[in-house]
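Participant: Counting in our numbering, the sequence shown runs from 3 upward without gaps.
Glycine included, C-beta positions come from ideal geometry on N, C-alpha and C.
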Amino acid sequence: MLGNYQDYLRHPDLIAQKTLGEDSVSLELRLPSISIELESVSRLGSSFFDDAENIQQYMINGKKSVMPSVIKITSSSHQGFLAILADACSLRSLKKNSMDKSCVFQIHHLLAPWKVGFVLPLEKVSSGQPLYELAILLSSELKSLRIDVAPFKLGSTDSSTKWFDGAGVPFSVLLSPETLKNGICSLRTRDTTLSEQVHVGSLKQHLGKFLIPNLYASKLK
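#1: Let me know if T194 comes out buried or exposed under the rule of 16 or more other beta-carbons within 10 Å of its beta-carbon.
#2: Who are the Cβ neighbours of T181 in its own chain at under 8 Å, not counting the five residues just before and after it?
#3: Please say whether V175 and V121 have beta carbons closer to each other than 8 Å?
#4: Just how far apart, CA to CA, sit Q19 and F173?
#5: Closer than 8 Å, CB to CB, is E180 near chain C or not?
#6: Where are the alpha helix (DSSP H) runs, 4 residues long or more, that stay fully inside the region 74-142, in chain order?
#7: May I ask you to list the residues that DSSP assigns as paired with K155?
#8: Under the DSSP definition of a beta bridge, which residues are partnered with E24?
#9: Taking just the CA atoms, how far does S78 sit from I17?
#10: Going by the beta-carbon positions, is the gap between R45 and D15 smaller than 8 Å?
#11: Cutting at 6 Å between CB atoms, please list the residues of its own chain near Y7, excluding the five before and the five after it.
#12: Go ahead and pull the three-state DSSP assignment for L201.
#13: Indicate whether G119 and V43 have their beta-carbon atoms separated by less than 8 Å.
#14: For my contact list, A88 and I38 are in at a C-beta cut-off of 8 Å; report their separation, rounded to the angstrom.
#15: Assuming H110 and K117 make a contact with CB atoms under 8 Å, what is their CB distance in whole Å?
#16: Terminal residues of the continuous beta strand (DSSP E) containing L40?
#17: Relative to the C-alpha of S192, which residue among L93, K183, I138, S141 is closest?
#18: Measuring alpha carbon to alpha carbon, tell me which residue in V200, K164, G185 is nearest S104.
#19: Nearest by alpha-carbon distance to A169: which of S146, P115, K206 is it?
#20: For the alpha helix (DSSP H) containing T181, name the first residue and the last one.
#21: Near S162, which residues of its chain fall below 6 Å by C-beta distance, leaving aside the five closest residues on each side in sequence?
Next up, the structure:
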């Protein structure tokens, strides 16, 4: 179980061992504000078989009869999920050298409820406008590959990306009127805040490299 947690934590190095007794240890995630137990391991020895008949108390190991020993491993999916959520939350400055900070939910991209969000930097967009229709088309292409898309955000780029960062959306696609002219959109990554220029025709393939399980990789060809 522990290996699964480590795959999705931002800080797997914060997992530490705690001795509970002579025959028991636990593994917990130690964050600055909270410690969360992930699993515990206890050695019960052979006492588990005390009530069994003599012939059932021994196991054959080669040519020898040996008394088995029981190891008990306890883990909780609720605790593991809580650890992943707590580990994903952080504060980040809105701008360089700024004291104003906002919450960023840096959950693993495969666990994020929404994988991609579209930013339309317009005060008002109606369903008949070309930029909105382009967003609908790109969103439909991603959804056809089972990539979950967040509701569209209208307004300034800063306010929209701030909302997506807080909701844990790994990638934001920024569309502008220039996109309608040259086909270029800006793809922003939540964790690094860096953006790259991507043509809308290759957006599906570009995002698919990160978000689509191998089962659906053939759909990109």
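Facilitator: Well, looking at it:
#1: exposed
#2: L133, L136, C187, V202
#3: yes
#4: 35 Å
#5: The structure shown has no chain C; it contains just one protein chain.
#6: 79-90
#7: V121
#8: Per DSSP, none; premise fails for E24.
#9: 16 Å
#10: no
#11: L40, G82
#12: Per the sequence presented here, residue 201 reads as His, with Leu not at that position. If DSSP states are grouped into helix, strand and coil, H201 belongs with the strands.
#13: no
#14: 6 Å
#15: With a Cβ gap of about 11 Å, H110 and K117 do not count as contacting.
#16: 37-47
#17: The sequence shown places Arg at residue 192, not Ser. Among L93, K183, I138, S141, the Cα nearest to that of R192 belongs to L93.
#18: K164
#19: P115
#20: 179-184
#21: V121, K155
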